[in-house]
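Engineer:
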Amino acid sequence: MKFLDVVLNLVTILAVAVVLAYVGLHFDTGLFTVLPEAITSFFLQYPSLLYVALVVLVVALVAKAPVGRAIKRQGGRSRV
Numbered sequence: 008m009k010f011l012d013v014v015l016n017l018v019t020i021l022a023v024a025v026v027l028a029y030v031g032l033h034f035d036t037g038l039f040t041v042l043p044e045a046i047t048s049f050f051l052q053y054p055s056l057l058y059v060a061l062v063v064l065v066v067a068l069v070a071k072a073p074v075g076r077a078i079k080r081q082g083g084r085s086r087v
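Per the working numbering, residue 8 is the first one in the sequence shown, and the count goes up by one each step.
1. Just to check my reading of the structure: Ala22 and Ala70 have Cβ atoms closer than 8 Å, yes? What is that Cβ distance to the nearest angstrom?
2. Can the beta-carbon of Leu15 be found less than 8 Å from the beta-carbon of Val74?
3. What number of angstroms, rounded off, separates the C-alpha of Leu7 from the C-alpha of Leu32?
4. State the DSSP-derived secondary structure class of Thr36, mapped to helix, strand or coil.
5. Do Val30 and Ala60 have their beta-carbon atoms positioned less than 8 Å apart in this structure?
6. How many angstroms separate the CA atom of Val87 from the CA atom of Phe50?
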């Protein structure tokens, strides 16, 4: 379960970075304005990736609740 929690943390960080990059692009600041065009061109061709990242972020955050409870339950049993 801890591995799943780590994966969810990484997915959350990646999704937040993508969402903030798109929001920053809207305000002419942020990641997409400083990264090379070779990297950002893919993201700029598909602006719908913002919504994909938002959905992934919400799903990862919702999934963290039961995973966290399962980790706590396992931790409680191992201390006995």
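Don't be surprised by glycine CBs; every beta carbon is placed ideally from N, CA and C.
Structural biologist: Walking through what the data contain:
1. About 12 Å; that fails the 8 Å criterion.
2. yes
3. Shown here, the chain extends from 8 to 87; a query on residue 7 therefore has no answer.
4. coil
5. no
6. With a pLDDT of only 47 at Val87, under 50, the local geometry of the prediction cannot be trusted, and the value read off the model is given with reservation. The alpha-carbon atoms of Val87 and Phe50 are separated by roughly 50 Å.
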